[in-house]
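Asker: Provided herewith is a single structure, encoded as structure tokens, for subsequent inquiry.
2 protein chains.
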Amino acid sequence: MNLSPEHKALLDNALIDSGLRSTRQREQVYGVIMSKQDHPTADEIYARAKASMPTISLATVYNCLETLVDCGLVRQVNFDREPSRYCPNLKEHAHFYCKETGEVFDIDLSGQAIHELRRQLPEGFEMESFELSYHGKTHSN
Amino acid sequence: MNLSPEHKALLDNALIDSGLRSTRQREQVYGVIMSKQDHPTADEIYARAKASMPTISLATVYNCLETLVDCGLVRQVNFDREPSRYCPNLKEHAHFYCKETGEVFDIDLSGQAIHELRRQLPEGFEMESFELSYHGKTHSN
DNA sequence: TTGATATTTTGGAATGATTCTAAATATTAC
DNA sequence: GTAATATTTAGAATCATTCCAAAATATCAA
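This is the structure in structure tokens:
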């Protein structure tokens, strides 16, 4: 729900650019993702979306998520073969997965680090994107 | 099949260290993975293993793969939510996934790059492993 | 060897995230 | 408003993987 005017405009423009329609459900799903800085699964997004739109279906949540990812408004993040998670942070960044709690944290990457990553690719490999995930534990202090 | 004596010893030691038994099936599956420098899925490993052990079952292939991964003899590699692949290369390295052909390539990482990756983690994040995968296209020349 | 015991293998059923389907509904352009 | 098109929906289907319980095998001690 409560999508800020900026996000609403961002969404509408992205949809129009892709020749897609603006719908209540797409707004709702986008709103759910933008309104909390975490990494929910489709099920979690479904639960949050239903809170203020009780008729939305899980299939629609999946449809909307695919649309949002394709439009570049949301990032899909996978850890091993666990259910996909969705990330509102569009900056080039990495993720840290805590084995103890299952929590996921965004990790900022320095320009130097990103440069170094690109540097590793030999001739003939044309990178379009990369995914970097750390696994481990977090100290609670 | 045809597991080299070195690999056979490696496997047996690793199994004993973990309190597990050496079986024909574990040897077979390990042999299949070590005998070709690629990134097969469980299905592909099953097909290759059956060629010289027609009675092996898919469930056993999955069991053996889990064992080998747990023993640290083989790496499990995931791209998005595609079927898991298995990698004989135990060096710390990255993967390049070609969107056009579906091929997977090992990418060596310099010590500097690995150091830079570790450097990105703030206080309180204790890394145990990382996964880095590049997506893009490969020039064929 | 020969059991006795624990582990492993096996085929088939179960699971669970995701995708598909086809009908109902909403959005857009005129 | 109406026609044309896109989207939503509930439920069925998919498919990689895991679970199950029975049969086979490996290990160990005598």
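If you read the sequences in order, they're chains G and P.
Going by the working numbering, the residue at position 72 of the first sequence is 72; the numbering climbs one at a time, nothing skipped.
Going by the working numbering, the residue at position 82 of the second sequence is 82; the numbering climbs one at a time, nothing skipped.
Even for Gly, the Cβ is constructed at its ideal location relative to N, Cα and C.
A quick note: this is a predicted structure, and the numbers were derived from the prediction, not measured.
1. Across which residues does DSSP place residue 92 of chain G in a beta bridge pair?
2. Tell me which residues share the same chain as residue 46 of chain G and place their Cβ nearer than 6 Å to its Cβ, disregarding the 5 neighbours each side in the sequence.
3. Any idea if residue 49 of chain P is buried or exposed, counting beta-carbon neighbours within 10 angstroms, 16 or more meaning buried?
4. Do we get a CB-CB distance below 9 Å when we pair residue 94 of chain G with the residues of chain P?
5. CB residue 104 of chain G to CB residue 65 of chain G, shorter than 9 Å?
6. Any beta-carbon of chain G closer than 9 Å to the one on residue 107 of chain P?
7. Would residue 96 of chain G and residue 125 of chain P be called neighbours here (beta carbons separated by less than 9 Å)?
8. Compare the beta carbon distance of residue 138 of chain G and residue 87 of chain G with 9 Å and say whether it is the shorter of the two.
9. Run through chain P and tell me which residues come within less than 9 Å of residue 37 of chain G, C-beta to C-beta.
10. Alpha carbon to alpha carbon, how far is residue 51 of chain G from residue 118 of chain G? Give it in angstroms, no decimals.
11. Mind checking which residues open and close the alpha helix (DSSP H) that includes residue 52 of chain P?
12. I need the DSSP call for residue 135 of chain P, collapsed to helix, strand or coil.
13. With 9 Å set as the bound, which would you pick, yes or no: does the beta-carbon of residue 40 of chain G sit closer than that to a beta-carbon of chain P?
14. Which residues mark the beginning and the end of the alpha helix (DSSP H) in which residue 33 of chain P is found?
Answerer: Taking the geometry as given:
1. Residue numbering aside, residue 92 of chain G sits at position 92 when the first sequence is read from its first letter. Beta-bridge annotation (DSSP): residue 92 of chain G is not paired with any residue.
2. If you number the first sequence from 1, residue 46 of chain G lands on position 46. These residues qualify, in order along the chain: 58 and 61.
3. Residue 49 of chain P sits at position 49 when you count from the first residue of the second sequence. Classification for residue 49 of chain P: buried.
4. On the first sequence, position 94 is the one that residue 94 of chain G refers to. It does; some Cβ of chain P falls within 9 Å.
5. Numbered from 1 along the first sequence, position 104 holds the residue referred to as residue 104 of chain G. Numbered from 1 along the first sequence, position 65 holds the residue referred to as residue 65 of chain G. Not a contact, by the Cβ cut-off of 9 Å.
6. Taking the first residue of the second sequence as 1, we reach residue 107 of chain P at position 107. True, the Cβ-Cβ gap to chain G drops below 9 Å.
7. On the first sequence, position 96 is the one that residue 96 of chain G refers to. On the second sequence, position 125 is the one that residue 125 of chain P refers to. If you check the CB distance, residue 96 of chain G and residue 125 of chain P come in under 9 Å.
8. Translated into positions along the first sequence, residue 138 of chain G becomes position 138. Translated into positions along the first sequence, residue 87 of chain G becomes position 87. Contact: no.
9. Along the first sequence, one-based indexing puts residue 37 of chain G at 37. Neighbours of residue 37 of chain G on chain P: none; closest Cβ ~16 Å, over 9 Å.
10. Counting from 1 along the first sequence, the entry for residue 118 of chain G is found at position 118. Counting from 1 along the first sequence, the entry for residue 51 of chain G is found at position 51. The alpha-carbon atoms of residue 118 of chain G and residue 51 of chain G are separated by roughly 43 Å.
11. For the purposes of this step, residue 52 of chain P is taken as residue 52 along the second sequence, with counting starting at 1. For residue 52 of chain P, the uninterrupted alpha helix (DSSP H) run begins and ends at 42-52, by DSSP.
12. Counting from one through the second sequence, the residue named residue 135 of chain P turns up at place 135. The answer is strand: DSSP assigns residue 135 of chain P an E or B state.
13. Start at 1 with the first residue of the first sequence, and residue 40 of chain G comes out as number 40. No, no contact with chain P.
14. Sequence index remark: in the second sequence, residue 33 of chain P carries index 33 (1-based). Looking at the DSSP string, the run of the alpha helix (DSSP H) that includes residue 33 of chain P is 24-34.
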